[in-house]
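J.:
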Amino acid sequence: MRKKYEKRSLLEPAIVRRALWDSVRKLNPHYQIKNPVMFVVEVGSILTSLLFFHSLFGKGEASPSFILQISIWLWITVLFANFAESVAEGRGKAQADALRKTRRDIAAKRLSRPERDADVTRVSSSQLKKGDIVLVEAGDMIPGDGEVVAGVASVNESAVTGESAPVIRESGGDRSAVTGGTLVLSDWIVVRITANPGEAFLDRMITMVEGAKRQKTPNEIALNILLASMTIIFLLATVTLLPFSLFSVQAAGQGSPVTITVLVALLVCLIPTTIGGLLSAIGIAGMDRMIQANVIAMSGRAVEAAGDVDVLLLDKTGTITLGDRQATAFIPAQGVDVKDLADAAQLSSLADETPEGKSIVVLAKETYGLRERAIHDLGATFVPFSAQTRMSGVNLSSREIRKGAADAVEKYIQKKGGLLPPDVRAIVDDVAKRGATPLVVAEGPRVLGVIQLKDIVKGGIKERFAEMRQMGIKTIMITGDNPLTASAIAAEAGVDDFLAEATPETKLKLIREHQAGGRLVAMTGDGTNDAPALAQADVAVAMNTGTQAAKEAGNLVDLDSNPTKLIEIVSIGKQLLMTRGTLTTFSIANDVAKYFAILPAAFISIYPAFGALNIMRLSTPQSAVLSAVIFNALIIIFLVPLALRGVKYRPQSAEVVLRNNALIYGLGGLIVPFIGIKLIDMIITALHIV
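What follows is the structure in structure tokens.
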């Protein structure tokens, strides 16, 4: 089924139309003052507009046409910055609108006590409060977020995850959390509501995907402070140029003072308007990319922190391995044909519905051509696995085949008058040392050999960990396995370290140790026992299929419940930080060309020697100033797609990233404005605009 949060094109017509109106609405000074850089540009726009009207009705400092054009392009600069932010917000608002359509008032069956046969009162879901108990049967919508306290049911969660495959929800364990608005397909469950109206998971999703309600991250706030400081410095420097030019005219006895219009243009071109106009859009787009990955960020800080993570804690099962052990080899006892071992192993597993049992049947078929046989046609009786015997098997007319743990099978054959051969004991020890699980197969008192079950490391995961290492991120595998098995899997997967026989206490201790060393830690979890570690981790990804405690402890929720998503989340966080860094570098670098455009134009009448700085050979002082202002506005709109899409991320060391950033965006920021301003000057001169 199509994902709910399918990837949107960068500039959808509906989003653009909404953004155009929002761009005008955000001209309100009360809104603009939140962005000091663009607030200064808006004040400059207002000032030049007043100067234009003054030039119409009195003696202006320059021609009305020139002042008007400067004023128009300053207003366009503010509008373009607002447009970038509005487009980023619009993508989130469109997703929020889609979510609102899924929210509805549902009829709920409130129970007097947490039992199916309790008295039922029919109420609206909007009347339910935290702690209420409800009955949800096949065909019913779950009326609110909660935890299953009784029963088991198949639930369609496509309203939340976009996936139509049903999931099992039952009381107890790590699969008890349910989400309001999802559909029970079969059976029944009794649910305890865990959220009041307006506080449900869907409501939080709507809030978080709306960019307008996004809180600025610490890094973004710090950058805002830097940009504001630079703006103040350039403002003070520009203000001093007016008395300086007045003094210079008197001292030199020639030329005319710098006009306020030119000074405003100079100020706007020198302050970091490019990054100031795109900063908010970059942050909102980062959260949007999380949504595209089907991850709900409970805070903007979590997205940003993901980019700074340097320690990853990952569960073994389902993250590093496929989640189920698979049969990988048949190792016969001395004097036994391996095909006889495979035949007996397959017979004993024909009715075994576990993934391990199915893999034994498949391995025998694929390796030795033993086709699956219908166990009922053989007149066989299947012996299921039990915690007491720790074995399973099959009884045929004249054969008794058993497979299970070595010590369990040894006791079984001893009762039959047999012994576990030394060579089989050696095979069992060797398989265990390799981190695999040995299953001994016996027919009556005779031991046939060993089945090797192994956790299968996911394809490509070793390469992903190598990429993480290249980025300076340490990977740690967490598992409940014994140290021997954990060590073998860790070596095969290529992780940097592992924590075996992990408990909630040891996980928490490990995270705190790394944080005490100044490192940022990320981890995934889905169970109540993961909640303490999730709450402690800097980036905590809770699975949507997990418990309510896990989701409340995490600051990110993966709607796909895919533990490997943590690696993708880190990549998205890195991309956000890289995009912000590259555009900041470009913004600061492209100011250099504007110095060579506006400063000569401003002072050439007083100091003709300033003409040597006109290295772009711009036509006239007025065309030079106007060209710089036009370029300053247009570059924002040209960079909007990059701000929304993000700089392409590749796993590289910090040194390589810094070098590439300086060469591409630093050098590019120096060169592009010289070319752009010169081209604009040629166009406006040819059109006789000034």
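Note that full-length UniProt numbering numbers the sequence shown so that position 502 is 502, with each residue one more than the last. Idealized CB from N, CA, C, for every residue including glycine. Keep in mind the model is a prediction, meaning the values are calculated, not measured.
1) If you compare alpha carbons, which of Val24, Ala486, Glu492 is closest to Leu499?
2) Just the C-alpha distance for Val24 and Ala88, rounded to the nearest angstrom, thanks.
3) If we ignore side chains and look at the alpha-carbon of each, how far apart do Met391 and Val295 end up?
4) Using the Cβ count rule (16 or more neighbours within 10 Å means buried), how would you classify Ala306?
5) Go ahead and label Pro143 buried or exposed: buried means 16 or more other beta carbons lie within 10 angstroms of its beta carbon, across all protein chains shown.
6) Could you tell me which of Thr194, Gly146, Leu520, Pro332 sits nearest to Glu304, measuring between CA atoms?
7) Would you call the CB atoms of Ala493 and Met471 closer than 8 Å?
8) Between the Cα of Ile604 and the Cα atoms of Glu170, Leu47, Val262, which residue gives the shortest distance?
9) Beta-carbon separation of Asp407 and Ala333 under 8 Å?
10) Taking all protein chains shown into account, do 16 or more other C-beta atoms lie within 10 angstroms of the C-beta of Ala686, making it buried, or fewer, making it exposed?
11) Quick one: Cα of Thr274 to Cα of Ala601, how far?
12) Report the option in Phe382, Val447, Val249 whose CA atom is closest to the CA atom of Asp340.
13) Looking only at C-alpha atoms, which of Arg580, Val361, Lys678, Gly480 sits nearest to residue 691?
14) With a cut-off of 8 Å on the beta carbons, I'd call Gly628 and Cys269 a contact; round off their distance for me.
15) Is there contact between the stretch 409-426 and the stretch 437-447, where contact requires at least three CB pairs shorter than 8 Å?
16) Please report how far the alpha carbon of residue 728 lies from the alpha carbon of Thr381, in whole angstroms.
17) Near Leu246, which residues of its chain fall below 7 Å by C-beta distance, leaving aside the five closest residues on each side in sequence?
18) Could you give the first and the last residue of the continuous alpha helix (DSSP H) run that contains Gln452?
19) When we look at the beta-carbon of Arg175 and count the other beta-carbons within 10 Å, is it buried (16 or more) or exposed?
20) Beta strand (DSSP E) containing Asn156: first to last residue?
21) Using alpha carbons as the reference points, say which of Phe57, Asp455, Arg512 lies closest to Lys316.
22) With DSSP collapsed to three states, give me the class of Asp343.
23) Given a cut-off of 8 Å, decide if Gly460 and Gln575 are closer than it, judged by their beta-carbon atoms.
24) On the criterion of 16 or more Cβ atoms from any shown chain inside 10 Å, does Val541 qualify as buried, or is it exposed?
25) Could you round the C-beta distance between Val311 and Lys474 to whole angstroms and report it? I think they count as a contact, below 8 Å.
26) Can you tell me whether Lys7 is buried or exposed, with buried defined as 16 or more other CB within 10 angstroms of its CB?
27) Mark Thr479 as exposed unless 16 or more other C-beta atoms lie within 10 angstroms of its C-beta, in which case mark it buried.
28) So, are the CB atoms of Ile636 and Thr77 less than 8 Å apart?
29) Give the straight-line distance between the Cα atoms of Asn660 and Lys648, rounded to the nearest whole angstrom.
30) Report the rounded CA-to-CA distance for Gly676 versus Ala537, giving the unit in angstroms.
31) DSSP three-state call for Thr321: helix, strand or coil?
32) Find out if the Cβ-Cβ distance for the pair Leu68, Phe80 is shorter than 8 Å.
33) Kindly indicate which three-state DSSP category Glu568 falls into: helix, strand or coil?
34) At which residues does the beta strand (DSSP E) containing Asn395 begin and terminate?
35) Quick one: Cα of Gly573 to Cα of Arg301, how far?
36) Give the secondary structure of Gly646 by DSSP, where H, G and I count as helix, E and B as strand, and everything else as coil.
T.: Considering the structure as presented:
1) It is Ala486.
2) Rounded to whole angstroms, Val24 to Ala88 spans 15 Å at the Cα level.
3) Distance between the alpha carbons of Met391 and Val295 is about 42 Å.
4) Of the other Cβ atoms in all chains shown, 16 or more fall within 10 Å of the Cβ of Ala306; this residue is therefore buried.
5) Residue burial annotation: Pro143 is buried, with at least 16 other C-beta atoms found within 10 angstroms of its C-beta.
6) Nearest option by C-alpha distance: Leu520.
7) Taking 8 Å as the Cβ cut-off, Ala493 and Met471 do not qualify as a contacting pair.
8) Selected option, being the one with the closest Cα: Val262.
9) If you check the CB distance, Asp407 and Ala333 do not come in under 8 Å.
10) Exposed, by the Cβ-count rule.
11) The alpha-carbon separation between Thr274 and Ala601 amounts to approximately 22 Å.
12) Ranked by Cα distance from Asp340, the first of Phe382, Val447, Val249 is Val447.
13) In this structure the chain extends from 1 to 690, so residue 691 is not present and cannot be described.
14) Sequence check: residue 628 is Ala here, not Gly. That pair is a contact at about 5 Å.
15) Output reads yes: the stretch 437-447 touches the stretch 409-426.
16) Nothing in the structure corresponds to residue 728, since the chain is present only between 1 and 690.
17) Within the same chain, Leu246 has close Cβ partners Pro257.
18) Where Gln452 is concerned, there is no enclosing alpha helix (DSSP H), although the beta strand (DSSP E) around it starts and stops at 446-457.
19) Burial call: buried.
20) Here the beta strand (DSSP E) through Asn156 covers 146-156.
21) Nearest option by C-alpha distance: Asp455.
22) In the structure shown, Asp343 sits in a helix (DSSP, three-state: H, G or I).
23) Contact flag unset, no.
24) Label assigned to Val541: buried.
25) A Cβ-Cβ distance of about 5 Å is found for the pair Val311 and Lys474, placing them in contact under the 8 Å criterion.
26) Confidence at Lys7 is low in this model, with a pLDDT of 48, below 50, so the placement of that residue should be treated as unreliable; the coordinate-derived value is given next. So Lys7 ends up on the exposed side.
27) Taking all protein chains shown into account, Thr479 has 16 or more neighbouring C-beta atoms within 10 Å of its C-beta and is therefore buried.
28) Between Ile636 and Thr77, the gap from beta carbon to beta carbon is short of 8 Å.
29) Rounded to the nearest angstrom, the gap between the Cα atoms of Asn660 and Lys648 is 12 Å.
30) Whole-angstrom Cα-Cα distance: 47 Å.
31) In the structure shown, Thr321 sits in a strand (DSSP, three-state: E or B).
32) Contact flag unset, no.
33) Assigned with DSSP and collapsed to three states, Glu568 falls in helix.
34) Looking at the DSSP string, the run of the beta strand (DSSP E) that includes Asn395 is 391-395.
35) One Cα belongs to Gly573, the other to Arg301, and the distance between them is close to 10 Å.
36) Note: Gly646 maps to coil in three-state DSSP.
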